[in-house]
């Protein structure tokens, strides 16, 4: 046990004091060398800039989750009670993956080195919906890295459009020993595997002999209709083979050689049984990778990692890691595996990251991590392992050669959160030659953490001082909830490390070495920058400290629209002085001043002719207006109630009915009397809605829209239809008050308020409705019980030919039994909108068999009076039989529907 040192791996670096597997001392530092990497701002170079490098993402996911939307949007007057919203939110729980972050979960750049050439091909997704493969050729000329695109100044694009957003691109290079001959004009240098949510596509990459330009050829595809794709991987053993992992755990093996005869691949489904592996209910599959044998896979889910072995024609599944192995250092109820990757040392080791932990594991030691760290990153989604020789290449100092060739670095982080950390590890320190420690180190398989993890600034232009970090957090919090701060900041979406051979052609050797980073920014820029190894991290960058942290202009990570606005933008500013005066409560003053100014000028020609005056009066009378009215205006209004109507609507109709005919002529007109107005040196005809044919008072409902454009033509000539209102009711009320000398405002123009007049009229309607619907009841108006009584107060309704019965009720959203709950669940809180009134049948409709019936035959379907906007009709005997059958079914449903029966029980029909 002491020799194997397996017990030391149980103590994570960063969670315990003086971790056994942590090498961090002056002695170890002198052997390991510098393990921090700082960007050199002077080497920052923009290689390429184009919107095609990363077009804005279309149809971004909602910024607010459902649970957060319910908690932030529920108010006291919301249809959903606050208690109900809280209950739903608690049941939803926390989301495992943020939808927005999942769009950028993978590295957006993939590199393919061209053997025997000083160039590398960079692949990325492009197109309006990121449904095409784009690529650029990076080559070194005269110690300068140049990006080469197509002849039109854009990027190279594959001819095949995938018609779905690309999720991930995987590169499979051909061995460096030589080219695979494709044909006489091109050579194959590698393959691509590109998958979307439901399809996988394979491409071959060739370099042309003549122009030495990369060529991308589509080899084949596979579509999965019933399940989405989680991950895919190339085989490092057989270059033509790849595996695809589905959301339901299904595995498919594809061979380019066997499927090359058909463009649509079928693949071989691996019959792996996952049923008896004890997975949790909410687990998700993460990914798959090949292990040390071409018939051994490592498949990871959110709570376990499995080894699938089918070397002997049967599928054997072994658990390599589970979420419980972190023990007390990570609570199991909050822990999930988020990402994993194979290590580059061999095909036995892999790295695995969860919410709080990072582990290095080995397939030969199941359920026992080789090494583990506690990280402080927020939901990391990217992980990869690099040799330290790649990170400390081109070094002039050979003192740390052993550490450079033996060490590894794990880069873990999230593109969405812009946070990355570097975890260095390697074998134990070598002892003196011939000593016992030296001999043990040769046979020991233990791995040690080399220093504590460090931050890796992929953007290369940030200041890590305390002032800048605090300022950036304040700026993020100051943004509204519906704006992602990633829209305001130029973030890294993908990166790659240039090979040390190409890097040596660009930069001179560093003292301790370094690497050249190629990154893709959300602003559509491809940049390169040199990082050098250092003993300490540079926390403060003078230039970055002075620059703003969040850009003032958007980087458009998400598109605000599907396409650009194609029409010229012309803004017209209208002077809505009457609307502004109405909002500020001084409409009467503004109207009075304008009337005085108008009277001082020359008198305009009368716009109305006598013939039109008579026609207009007749049309208004048909709508319920009358020039000579002996009864109160409110009686006309109550006769005009044909549908359930609110108190507010009745009050508006009452005001309309009380206006004199000369003011109604201002409010209603016909198209033949309209004058065209001058707009942008052109005459434009005004457009209003036609008054309905059925006699009724405004406000009108269910009116037909206009069927013409803003100009008359021979196809749509002028009509004499009655249209309007062309003036708002508050203006007519104020004009009426001004003409009468303002009796309701004590002769002071500034004290008259249309809103106050409407409020008084609503109170009057409420009082009359109480007297008419409940003449002998002492129940308050806020009670939900409503009764239907015969109106025997003839002294109130002077010109009513026959008293009408009304029902007064207050709709509620949820059926309740107590008055307190009824008040709380009302559809509206303001009485003028909350209370509804409607007519009730005077008596049940009766008919004799064989007798034709009209619209009154439908009266007994509903306790309130129904009026149809259709022409007169008669029902034949056959139609009555069909109607009776339907009516029986409908009546049966009414009897079983308890809310309807409860509504009917509140009203007693008159005359039954």
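Residue numbers (my numbering): 2 to 913.
Glycine included, C-beta positions come from ideal geometry on N, C-alpha and C.
Cβ-Cβ distances below 8 Å link residue 312 to 294, 296, 297 in the same chain, with the five nearest sequence neighbours on each side left out; the list follows chain order. Within the DSSP secondary-structure output, residue 374 pairs in a beta bridge with 14, 359. Within the same chain, 345, 409 come within 7 Å of residue 388 by CB-CB distance, once the 5 residues on both sides are set aside. Assigned with DSSP and collapsed to three states, residue 689 falls in coil, not helix or strand. Around the C-beta of residue 252, 16 or more other C-beta atoms lie within 10 Å, and the residue is accordingly described as buried. Residue 375 places its beta carbon less than 8 Å from that of residue 330. Between residue 496 and residue 394, the CB-CB gap reaches or exceeds 8 Å. Sequence-distant partners of residue 592 (beyond 5 residues in either direction) whose C-beta falls short of 6 Å from its own C-beta, in its chain, are 735. Fewer than three beta-carbon pairs drawn from the segment 31-42 and the segment 464-482 are found closer than 8 Å, and the two stretches are therefore not classed as touching. Counting only runs of 3+ residues, the beta strand (DSSP E) found wholly inside the segment 299-349 occupies 305-310, 317-323, 338-343, in chain order.
Put simply, the backbone Cα of residue 405 is about 42 Å away from that of residue 315. Separation of residue 698 and residue 899 (C-alpha to C-alpha, rounded to the nearest whole angstrom) is 35 Å. Judged by their CB atoms, residue 25 and residue 452 are nearer to each other than the 8 Å cut-off. Residue 215 carries a strand assignment under DSSP once its states are collapsed to helix, strand and coil. Shown here, residue 171 sits in a strand according to DSSP, grouped into three states. Nearest Cα to residue 28 within the set 47, 193, 286, 401: 401.
Straight-line spacing of the CA atoms in residue 883 and residue 895 works out to 19 Å.
Look at the beta carbons and you see the segment 224-239 not touching the segment 148-159: under three pairs across the two are nearer than 8 Å.
Its chain contains 510, 512 as the residues whose beta carbon lies nearer than 6 Å to that of residue 397, once the 5 sequence neighbours on both sides are disregarded; these appear in chain order.
With a threshold of 16 other beta carbon atoms within 10 Å, residue 731 meets it and is buried. Note: residue 534 is bridge-paired with 38 in the DSSP secondary-structure output.
Secondary structure at residue 387: strand, using DSSP grouped into helix, strand and coil.
DSSP places residue 502 inside the alpha helix (DSSP H), whose first and last residues are 501-505.
The shortest C-alpha to C-alpha distance from residue 834 to any of 646, 272, 672 is the one to 646. Rounded to the nearest whole angstrom, the CA to CA distance from residue 532 to residue 8 is 37 Å.
Contact fails between the segment 139-152 and the segment 162-177, because fewer than three Cβ pairs, one in each stretch, are under 8 Å apart. A contact is defined here as three or more CB-CB pairs under 8 Å, and the segment 485-496 fails this definition with respect to the segment 126-137. The continuous beta strand (DSSP E) containing residue 838 extends over residues 837-840.
For residue 114, the enclosing beta strand (DSSP E) starts and ends at 111-114.
Listed as beta-bridge partners of residue 235 by DSSP are 243.
Comparing alpha carbon positions, the residue from 837, 544, 123 closest to residue 217 is 123. Residue 470 and residue 290 have their C-alpha atoms spaced approximately 38 Å apart. With a contact defined as Cβ atoms closer than 8 Å, residue 812 and residue 838 miss out at about 12 Å.
In the three-state reduction of the DSSP assignment, residue 878 falls in the helix class.
Burial check for residue 360: the Cβ neighbour count within 10 Å reaches 16 or more, so the residue is buried. Residue 260 counts as buried, since at least 16 other C-beta atoms from the protein chains shown sit within 10 angstroms of its C-beta.
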